[in-house]
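Participant:
Residue numbers (the numbering used here): 267 to 486.
Given below as structure tokens:
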């Protein structure tokens, strides 16, 4: 394998890791009422999801540093990112009972829903909108590259999924890092949820503004 293919290899390894994480998230979604199963499935899903997220930061950094950016990578990277983040969020919607499981159960009322369906609809709508805008702008011969707001959006979405999986899977306790339990204090976790929603909206608005500018000022 030539070294310049490493970023693409990392991208597709991220997809494979995401699929494995989704298998355990699927098992988690069917583990209601079985505390040990919830804990074990969430624990395993957490680690696969974490490594998958880590590869996203590696492939782009390597591609830019060594000039190994490719047409395949430009297409595959954002698609795999969407599969990873949206898949994780959808499986959280499919597991509403988690809020009534450890360690969330004692303060379940303070959390409400860990991932309400409406929030995923907002996130999906943003993705469809940006994809449509990119296609429209690029059909006019203009570049419409990803913005850092999109990366920040994905980062917060991924952190949110990881916090919930880590809490449900008992990851901090297993690592003897109990102080990390602050991450699922109701105020912190609810705040992180709203950051995810607002970052999604802000990122989408940023792309819309740029598309309107390109399409409306005669440059597109």
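A virtual CB, placed ideally from N, CA and C, is assigned to each residue, including glycine. Keep in mind it's a predicted model, so treat the numbers as computed, not measured.
For the structure I just gave you, are there three or more beta carbon pairs, one from the stretch 361–369 and one from the stretch 433–450, closer than 8 angstroms?
Facilitator: Because the criterion of three Cβ pairs below 8 angstroms is met, the stretch 361–369 and the stretch 433–450 touch.
Participant: Do the stretch 387–399 and the stretch 321–338 make contact, defined as three or more Cβ pairs closer than 8 angstroms?
Facilitator: Verdict: no, contact absent.
Participant: When you compare only the Cα positions, how much space is there between residue 299 and residue 307?
Facilitator: Counting from 1 along the chain shown, the entry for residue 299 is found at position 33. Counting from 1 along the chain shown, the entry for residue 307 is found at position 41. Cα to Cα, residue 299 sits roughly 13 angstroms from residue 307.
Participant: What are the start and end residues of the alpha helix (DSSP H) that includes residue 411?
Facilitator: Position 145 of the chain shown holds residue 411. No alpha helix (DSSP H) contains residue 411, which DSSP labels as neither H nor E.
Participant: Unbroken alpha helix (DSSP H) runs of length 4 or more, entirely within the stretch 359–435: which are they?
Facilitator: Entirely contained in the stretch 359–435, the alpha helix (DSSP H) runs reaching 4 residues are, in chain order, 374–377, 383–405 and 414–435.
Participant: When you compare the CB positions of residue 452 and residue 446, do they come within less than 8 angstroms of one another, or not?
Facilitator: The residue you call residue 452 lines up with position 186 of the chain shown. The residue you call residue 446 lines up with position 180 of the chain shown. No.
Participant: Under a three-way DSSP split, which group does residue 471 fall into?
Facilitator: Taking the first residue of the chain shown as 1, we reach residue 471 at position 205. In the structure shown, residue 471 sits in a helix (DSSP, three-state: H, G or I).
Participant: Secondary structure at residue 300, three-state DSSP: helix, strand or coil?
Facilitator: One-based indexing of the chain shown puts residue 300 at position 34. Coil.
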